[in-house]
Amino acid sequence: SGDSAPLNEAMAVLQHHDAVSGTARQNVVNDYARQLAAGWEPCEVLVSNALAQLSRQKQNFSFCRELNISICPVSQKSQHFQVTVYNPLGRKVQHMVRLPVSEGLFFVKDPNGKTVPSNVVLRPSSYSKRYQWDLLFSASVPALGFSIYSVAKVTAPNPQSYSLLTRSKKSR
Amino acid sequence: SHVLAIENEYIRATFDSDTGLLMKIENMEQTLSLPVSQGFFWYNASTGDKISSQASGAYIFRPSHLKPLPVSRWAQIHLVKTALVQEVHQKFSAWCSQVIRLYPGQRHLELEWTVGPIPVKDNLGKEVISRFDTPMKTKGKFYTDSNGREILKRRLDYRHTWRLNQTEPVAGNYYPVNTRIYISDGHMQLTVVTDRSQGGSSLKDGSLELMVHRRLLADDDRGVAEPLLESGTGSTVQGRHLVLLSSVSDAAARHRLLVEKEVLAPQVVLAEGESSPYYSQ
Chain A
1 SGDSAPLNEA
11 MAVLQHHDAV
21 SGTARQNVVN
31 DYARQLAAGW
41 EPCEVLVSNA
51 LAQLSRQKQN
61 FSFCRELNIS
71 ICPVSQKSQH
81 FQVTVYNPLG
91 RKVQHMVRLP
101 VSEGLFFVKD
111 PNGKTVPSNV
121 VLRPSSYSKR
131 YQWDLLFSAS
141 VPALGFSIYS
151 VAKVTAPNPQ
161 SYSLLTRSKK
171 SR
Chain B
173 SHVLAIENEY
183 IRATFDSDTG
193 LLMKIENMEQ
203 TLSLPVSQGF
213 FWYNASTGDK
223 ISSQASGAYI
233 FRPSHLKPLP
243 VSRWAQIHLV
253 KTALVQEVHQ
263 KFSAWCSQVI
273 RLYPGQRHLE
283 LEWTVGPIPV
293 KDNLGKEVIS
303 RFDTPMKTKG
313 KFYTDSNGRE
323 ILKRRLDYRH
333 TWRLNQTEPV
343 AGNYYPVNTR
353 IYISDGHMQL
363 TVVTDRSQGG
373 SSLKDGSLEL
383 MVHRRLLADD
393 DRGVAEPLLE
403 SGTGSTVQGR
413 HLVLLSSVSD
423 AAARHRLLVE
433 KEVLAPQVVL
443 AEGESSPYYS
453 Q
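Protein chains in written order, with this note's numbering: chain A, 1 to 172; chain B, 173 to 453.
Below is the structure:
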């Protein structure tokens with residue numbers, strides 16, 4: 001079972017002016033980060049249970065904590081995954097989802113099973129290193145609610161058919 | 173062509189293809205056009221001087237010179253245009269880059285900046301800012317929010333509640349920015365929404381700046397007893413500034429809705445493979 005108390009505790013400690021304004025010594029800052037990270041784990045279980053209850057689907061949920069620096073093992077390695085987008089606002093929003101992926105062609109389906117437009121774009125920081133890519137698609141999320149999109153990677157058997165695939169798509 | 177631009181149905185951002193810097197923002201919906209030059213600069217952190225021994229530190233921002241130095245006067249750029257995004261990747265230096273992007277249907281420009289590790293081998297502490305320079309006549313006034321709710325009018329070298337004898341022309345005009353800072357000439361308004369609290373100011377007419385990262389070499393003698401100096405190579409920080417150009421009349425509606433969406437941003441959770449039906453009982 002999940003538990004939000006540890007994160008509550010950590011956030012309570014971080015009301016201290018040193019935490020709010022960044023005037024703490026390095027070891028104290030490191031301890032603040034440790035307390036926050038320790039609070040995330042039981043909270044992720046809590047959110048997973050809530051999503052399973054609400055969506056009536058038990059899934060192997062994965063919280064990509066380093067999504068802000070484009071690291072997310074599930075989207076970078078899986079051929080097929082679900083993306084649940086939760087909207088805490090009291091109004092419907094359109095949100096551009098951006099996930100790090102490995103190169104390839106992807107199909108994204110909305111909660112009604114309809115394919116939505118998606119793009120795979122080059123990520124800026126990858127000039128020096130091997131190429132890295134972001135999958136983009138626009139998600140429509142209801143007020144105080146969530147939407148579940150499914151992503152499938154089209155594994156072209158070999159580059160040849162991959163280019164044929166794109167060409168035929170164009171011709172069609 | 174000599175002019176490089178990204179656009180959607182509402183906004184066009186034009187770049188100088190010689191320098192790679194942003195040079196104009198247009199709001200096509202309201203036929204507004206504003207020359208905007210945006211770049212990164214750094215203040216040399218004071219370690220104390222003849223006037224005062226006060227150094228810049230965790231509690232104190234005190235630059236040793238009034239003018240910040242440019243990280244670079246030009247950026248190496250890369251343009252990406254697809255159906256779902258148009259973006260310009262700017263590389264100012266090995267430790268400072270930015271992506272300026274526009275999604276369809278979006279009325280603001282998204283500037284995703286990445287700064288760090290800040291080099292200090294020259295033994296100079298650095299306080300890095302992103303600065304927007306425009307020809308707007310703002311008469312020394314600008315606006316910052318207080319905890320995302322009340323907007324406070326700020327005036328250069330002035331305090332509303334007491335007669336200020338300004339001894340720090342830069343730091344004495346810096347204010348906390350929790351969610352947004354803006355300047356206006358009474359007709360147009362340029363608003364920058366932040367994704368975290370930062371220090372910000374408008375030190376000359378039409379200019380607006382936000383501090384994004386700092387790395388200092390001296391303690392400010394206020395109790396921490398260590399400089400604001402990350403261990404090892406130092407930290408890299410990434411964040412976003414959302415830039416809105418609009419008429420004064422509807423600027424408030426725009427930035428209030430945008431800030432709400434930024435502060436209460438959608439959360440993404442992934443799940444691998446298939447799901448199985450789940451009933452609480």
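Even glycine gets a Cβ: it sits at the ideal position worked out from N, Cα and C.
Residue i by DSSP, collapsed to three states: which one?
i, result
"A/Asn68", "helix"
"B/Met308", "coil"
"B/Arg234", "coil"
"B/Thr186", "strand"
"A/Phe146", "strand"
"A/Gln59", "strand"
"B/Asp391", "coil"
"A/Asp110", "coil"
"B/Pro240", "coil"
"A/Tyr127", "In this prediction, A/Tyr127 has a pLDDT of 48, which is less than 50 and means its spatial position is unreliable; what the coordinates show is noted afterwards. Of the three classes helix, strand and coil, the one that applies to A/Tyr127 here is coil, per DSSP."
"B/Lys222", "coil"
"A/Leu164", "Note that A/Leu164 scores a pLDDT of 43, beneath 50, so its modelled location is shaky; the value from the coordinates is reported in the next line. DSSP places A/Leu164 in helix when its eight states are reduced to three."
"B/Val396", "coil"
Just to confirm the assignment, what range does the beta strand (DSSP E) spanning residue i have?
i, result
"B/Gln202", "From DSSP, B/Gln202 is part of no beta strand (DSSP E); its letter is neither H nor E."
"A/Asn119", "118–122"
"B/Gln439", "439–449"
"B/Asp317", "313–318"
"A/Ala19", "It is not in any beta strand (DSSP E) - A/Ala19 instead sits in the alpha helix (DSSP H) that spans 17–21."
"A/Val93", "93–101"
"A/Ser138", "133–141"
"B/Glu181", "Here B/Glu181 belongs to no beta strand (DSSP E), and DSSP marks it neither H nor E."
Would you give the residue range spanned by the alpha helix (DSSP H) that residue i belongs to?
i, result
"A/Tyr32", "26–55"
"A/Pro6", "5–13"
"B/Asp422", "420–435"
"B/Gln453", "Here B/Gln453 belongs to no alpha helix (DSSP H), and DSSP marks it neither H nor E."
Report back the beta-carbon spacing between residue i and residue j to the nearest angstrom; my notes put them in contact at under 8 Å.
i, j, result
"B/His427", "B/Leu416", "6 Å"
"B/Gly378", "B/Ile355", "7 Å"
"B/Met195", "B/Thr203", "With 8 Å as the limit, B/Met195 and B/Thr203 do not qualify as a contact, their Cβ atoms being about 18 Å apart."
"A/Lys92", "A/Ser140", "7 Å"
"A/Ala50", "A/Asn87", "About 14 Å; that fails the 8 Å criterion."
"B/Leu400", "B/Ala230", "5 Å"
"B/Ser205", "B/Leu193", "About 17 Å separates the two Cβ atoms, so there is no contact after all."
"B/Val271", "B/Glu284", "5 Å"
Looking at the strands, I want to know which residues DSSP matches up with residue i.
i, result
"B/His250", "B/His261"
"B/Gly411", "B/Trp285"
"B/Ala217", "B/Pro235"
"B/His332", "Its beta-bridge partners do not exist; DSSP assigns none."
"B/Val401", "The question names Val, but residue 401 of chain B in the sequence shown is Leu. Partner(s): none; B/Leu401 has no beta bridge."
"B/Arg327", "B/Lys313"
"A/Gln79", "DSSP lists no partner for A/Gln79."
"B/Leu256", "None, per the DSSP bridge assignment."
"B/Leu456", "Any property of residue 456 of chain B remains undetermined from this structure, which presents chain B solely from 173 to 453."
"B/Leu176", "B/Phe187"
"B/Gly406", "Note: B/Gly406 sits in no beta bridge, so no partner."
"A/Asn87", "A/Gly145"
"A/Leu105", "A/Val154"
"B/Gly211", "B/Arg303"
Does residue i have its Cβ less than 9 Å from a Cβ in chain D?
i, result
"A/Met11", "No chain D appears in this structure, whose protein chains are A and B."
- Item | Unbroken stretches of the beta strand (DSSP E), 3 residues or longer, contained in the stretch 261–292 of chain B | Those beta strand (DSSP E) runs which fall completely within the stretch 261–292 of chain B and span 3+ residues are 268–274, 281–287.
- For the stretch 336–389 of chain B, which segments carrying the beta strand (DSSP E) assignment without a break, of at least 3 residues, lie completely within its bounds, in sequence order? Listed in chain order, they are 347–349, 352–356, 360–366, 370–373, 379–387.
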